[in-house]
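Undergrad: Numbered per the UniProt record's numbering, the sequence shown spans residues 1 to 264.
All residues carry an ideal CB built from backbone N, CA and C; glycine is no exception.
Bear in mind the structure is a predicted one, so any value in this text is a computation, not a measurement.
There's a structure below that I have some questions on.
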Amino acid sequence: TSDKTIDARGANVHICKGAGITIQFARNVIIHGLHIHHIKPGNGGMIRDAENHIGLRTASDGDGISLFGATNIWLDHLSLYDCSDGLIDVIQGSTAVTISNCHFTDHTDVMLFGASDSYVADEKMQITVALNHFGKGLVERMPRCRLGFIHVVNNDYTHWFMYAIGGSSHPTIISQGNRYSASGSYVTKEVTSRGYLPPEQWKKWNWVSQGDQFKNGAYFTPSGDSNASKLFGANKMMPFKPGRLVPKLTRYAGTLHCRIGRPC
């Protein structure tokens with residue numbers, strides 16, 4: 001339900017080997033400090049979501065965290081890996097979402113923002129992906145975006161086997177102050193992917209790279225207006241540090257090792 005916080009600091013909490021977390025038509029929710037892994041598809045059913053209400057929840061795909069029509073959501077200091085579907089899916093009109101200080105490893109389809117090219121309600125989607133570490137064993141979708149506005153800032157991308165950031169249906173993607181480290185393979189140097197669309201279909205999409213650091217031949221293919229960050233209100237976005245500082249900024253990504261009586 002809305003107006004809730006799940007805070008696992010000071011404890012070792014794992015969500016695993018069953019259904020993941022679904023935030024459906026809720027707002028003002030914070031999730032902090034969980035290990036989420038080995039999530040399996042669920043059958044759904046009648047779920048009590050308030051003291052006086054029981055509602056139907058459809059079958060789940062095996063996502064670690066799924067946001068469905070959710071707003072004002074903050075996912076912070078989570079460690080996610082090896083789920084049946086995505087690690088984090090943000091779909092069906094969800095917006096005002098921040099994913100920060102998380103550690104992602106050992107997964108194929110990491111994050112999906114928008115599940116359908118035809119679901120126009122996702123045009124209002126606004127998501128910030130900040131200060132995360134995309135680590136070993138990741139393949140693609142960090143994130144994969146449809147429609148909406150995505151701000152990718154000061155993340156550390158140390159592994160991808162296909163691409164890091166992808167999209168379709170003209171999302172706006174502002175990449176600022178990230179560190180992109182490509183693998184040794186010459187076919188995986190590009191950070192971005194627009195599928196197999198020809199350039200004439202995506203050349204006006206606003207995909208911008210500013211202050212990013214590229215390692216081992218990595219490169220970002222921009223498109224659209226190079227001043228898109230200003231057009232979309234850069235003064236209201238999270239300010240970014242230079243990409244070279246990312247290793248320090250993401251040093252504590254993932255769950256924190258807190259001790260009772262001491263600050264985390």
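To test your reading of the DSSP string, which unbroken beta strand (DSSP E) runs of 3 or more residues are found completely within the stretch 40-98?
TA: Counting whole runs of 3 or more residues, the stretch 40-98 contains the beta strand (DSSP E) stretches 45-50, 53-57, 65-68, 71-76, 79-81 and 88-91.
Undergrad: For Arg141, count the other beta carbons within 10 Å of its own beta carbon; 16 or more makes it buried, fewer makes it exposed. Which is it?
TA: Buried.
Undergrad: Buried or exposed, going by whether 16 or more other CB atoms sit within 10 Å of the CB of Pro263?
TA: The residue in question, Pro263, is exposed, as its Cβ has fewer than 16 Cβ neighbours within 10 Å.
Undergrad: Considering only residues of the same chain and omitting the five flanking positions on each side of Gly44, which have a CB-CB separation below 6 Å?
TA: So the qualifying residues of the chain are Arg57, Thr58 and Ala59.
Undergrad: Among Ala11, Ile54 and Phe68, which residue has its Cα nearest to the Cα of Val29?
TA: Nearest option by C-alpha distance: Phe68.
Undergrad: For a test of the three-state rule: what should DSSP assign to Arg244, helix, strand or coil?
TA: Arg244 falls in the helix class under three-state DSSP.
Undergrad: Taking the Cβ atom as the reference point for each residue, do Leu87 and Glu123 lie within a distance shorter than 8 Å?
TA: Not closer than 8 Å, so no.
Undergrad: Out of Gly10, Arg144, His170 and Asp61, point me to the one whose CA is closest to Tyr163's CA.
TA: Nearest option by C-alpha distance: Arg144.
Undergrad: What residue from Thr5, Met46 and Leu34 has the CA that sits closest to Asn101's CA?
TA: It is Leu34.
Undergrad: At least one CB of chain D closer than 8 Å to the CB of Tyr180: is that the case?
TA: In the displayed structure, chain D is absent; only one protein chain is listed.
Undergrad: Less than 8 Å between the CB atoms is what I'm expecting for Ile127 and Leu80, so what's the real figure, rounded?
TA: Their Cβ separation, rounded to whole angstroms, is 16 Å, which puts Ile127 and Leu80 out of contact at 8 Å.
Undergrad: Cβ atoms of Ser66 and Thr22: under 8 Å apart, would you say?
TA: Taking 8 Å as the Cβ cut-off, Thr22 and Ser66 qualify as a contacting pair.
Undergrad: Which of the three DSSP states is assigned to Asp117 in this structure?
TA: Residue state, collapsed to three classes: coil.
Undergrad: Going by the CB atoms, is the gap between Thr105 and Leu138 shorter than 8 Å?
TA: Result yes, Cβ atoms of Leu138 and Thr105 sit closer than 8 Å.
Undergrad: For the alpha helix (DSSP H) that contains Ser168, what are its first and last residues?
TA: Where Ser168 is concerned, there is no enclosing alpha helix (DSSP H), although the beta strand (DSSP E) it sits in stretches over Ile165 to Ser168.
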